[in-house]
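Working notes for the structure below.
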Amino acid sequence: MTTTTGKTTDDERGLLPYPIIIAATKGEPQAMNIACRHYAGYIAHLSMRKLRDERGNTYYGIDEDIRDRLHSKLMQAVLMFKI
Numbered sequence: 007m008t009t010t011t012g013k014t015t016d017d018e019r020g021l022l023p024y025p026i027i028i029a030a031t032k033g034e035p036q037a038m039n040i041a042c043r044h045y046a047g048y049i050a051h052l053s054m055r056k057l058r059d060e061r062g063n064t065y066y067g068i069d070e071d072i073r074d075r076l077h078s079k080l081m082q083a084v085l086m087f088k089i
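Under the numbering used here, the first residue of the sequence shown is numbered 7, with each subsequent residue one higher.
Following this line, the structure appears as structure tokens:
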């Protein structure tokens, strides 16, 4: 079963289409954006931390610094990826 989201087709395995990967490794901004959106949920999951508000209450939330670092590392890894 395939579903279409925007200009890409997501298959059952949740993989990025090969042309998107090729374009992202060449530095095309639109393809890089698609790749970053593909991994946004996973990055958000990895960025979850136990945080405290100003009253001392503890809650789980996304640490923006960690999220930004993971996003940057993903972009660097995509650009260095050899096909």
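Positions of the beta carbon are idealized from the N, C-alpha and C atoms, including for glycine.
Bridge partner(s) assigned by DSSP for Arg55: Paired residues: Gly67.
Would the beta-carbon of Ala50 fall within 9 Å of that of Arg75? The Cβ-Cβ distance between Ala50 and Arg75 does not fall below 9 Å.
If you draw a straight line from the C-alpha of Pro23 to the C-alpha of Leu85, how long is it? If you take the alpha carbons of Pro23 and Leu85, they lie about 16 Å apart.
Give the single residue among Ile40, Leu52, Thr31 whose Cα lies nearest to the Cα of Asp90. With the chain represented from 7 up to 89, any question about residue 90 goes unanswered, as that position is not in the structure.
Run through DSSP, which three-state label would Lys88 get? Here Lys88 sits in coil by DSSP.
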